[in-house]
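Participant: I am attaching a structure below and will ask some questions about it afterwards.
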Amino acid sequence: MSSFLQQLPALIGVVIGALGSYLAVVRGDRVRFRREQEARWDERRLAVYAEWAQALKRTVSVDYRVAAHLGNDPHPHPLSPQEAEPLLAEAQLARDPHGEKLIMLGSPTVVGKAQEWVVTVMEMERFLREGRRDPAAWRILLDRQRDGRDRYYAAVREDLALPPGHSGRLPLPAEM
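For the sequence shown, UniProt numbering puts the final residue at 176, and the numbers step up evenly by one.
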């Protein structure tokens, strides 16, 4: 019995060490799993943010072409409102599912900036549906749309902890 009592502290040390190792591995696995899960969600949110922006940009691109037809924009490929109608309807239908994903996965700040941007695009569409020929008013809407896009992308970068990026603005010709 005396031999067992002499080895008991070593045995207790081995048990405590094994338990400590087990707990450290379990904790490390949980931390790694959580980190990997966050990375997957960040990747998914980035994809949703980009898809929604691309879908909205399709509408904006058609709007530029219609504005050129009306003499409001220097776009090199004008498009009549009648020709644009099916393209705008298609862009809207394509944008809706992306909008739902954005609402589900996006941060409240990003969703809010997306809504601001899309409201401006809707104002651009209304301007064009009315057939207005006012390059100065169009330029104001265009600047608001670009500012909305910039704010949306800034919110996306902040949400995903990305560094600041380029605004993507191309200089506009002085005269339209």
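Even glycine gets a Cβ: it sits at the ideal position worked out from N, Cα and C.
In this text the structure is predicted, and so the values were computed from the model without any measurement.
The alpha helix (DSSP H) that contains residue 135, what's its start and end?
Facilitator: 135 to 159
Participant: Under 9 Å between the Cβ atoms of residue 102 and residue 91?
Facilitator: no
Participant: In whole angstroms, give me the CA-to-CA distance for residue 176 and residue 67.
Facilitator: Since pLDDT at residue 176 reaches only 46, below the 50 mark, its modelled position is unreliable, and no value is offered.
Participant: How about residue 81 and residue 131: do their beta carbons lie closer than 9 Å?
Facilitator: Cβ atoms of residue 81 and residue 131: closer than 9 Å.
Participant: From residue 27 to residue 34, what does the alpha carbon distance come to, in whole angstroms?
Facilitator: Near 11 Å, if we compare the C-alpha coordinates of residue 34 and residue 27.
Participant: Within 10 angstroms of the Cβ of residue 4, are there 16 or more other Cβ atoms? Answer buried if so, exposed if not.
Facilitator: exposed
Participant: Roughly how many angstroms separate the alpha carbons of residue 64 and residue 144, rounded to a whole number?
Facilitator: Rounded to whole angstroms, residue 64 to residue 144 spans 14 Å at the Cα level.
Participant: Select from 165, 128 and 156 the residue whose C-alpha is nearest the C-alpha of residue 235.
Facilitator: Shown here, the chain extends from 1 to 176; a query on residue 235 therefore has no answer.
Participant: Just tell me which of 75, 150, 76 and 93 has its CA closest to the CA of residue 55.
Facilitator: Of the candidates 75, 150, 76 and 93, the one whose C-alpha sits nearest the C-alpha of residue 55 is 93.
Participant: If you draw a straight line from the alpha carbon of residue 155 to that of residue 137, how long is it in whole angstroms?
Facilitator: Going by the C-alpha atoms only, they are around 27 Å apart.
Participant: Compare the C-alpha of residue 86 against each of 150, 62 and 162 and name the closest.
Facilitator: 62
Participant: Where residue 135 and residue 69 are concerned, what is the direct C-alpha to C-alpha distance, given to the nearest angstrom?
Facilitator: 12 Å
Participant: Among 29, 95 and 9, which residue has its Cα nearest to the Cα of residue 58?
Facilitator: 95
Participant: Residue 139 to residue 146, Cα distance in whole Å?
Facilitator: 10 Å
Participant: Whole angstroms is fine: what's the gap from residue 166's alpha carbon to residue 51's?
Facilitator: 19 Å
Participant: Assuming residue 141 and residue 124 make a contact with CB atoms under 8 Å, what is their CB distance in whole Å?
Facilitator: 5 Å
Participant: At what residues does the alpha helix (DSSP H) containing residue 165 begin and finish?
Facilitator: It is not in any alpha helix (DSSP H) - residue 165 carries neither H nor E in the DSSP assignment.
Participant: Return yes when the Cβ of residue 109 is within less than 9 Å of the Cβ of residue 158, no when it is not.
Facilitator: yes
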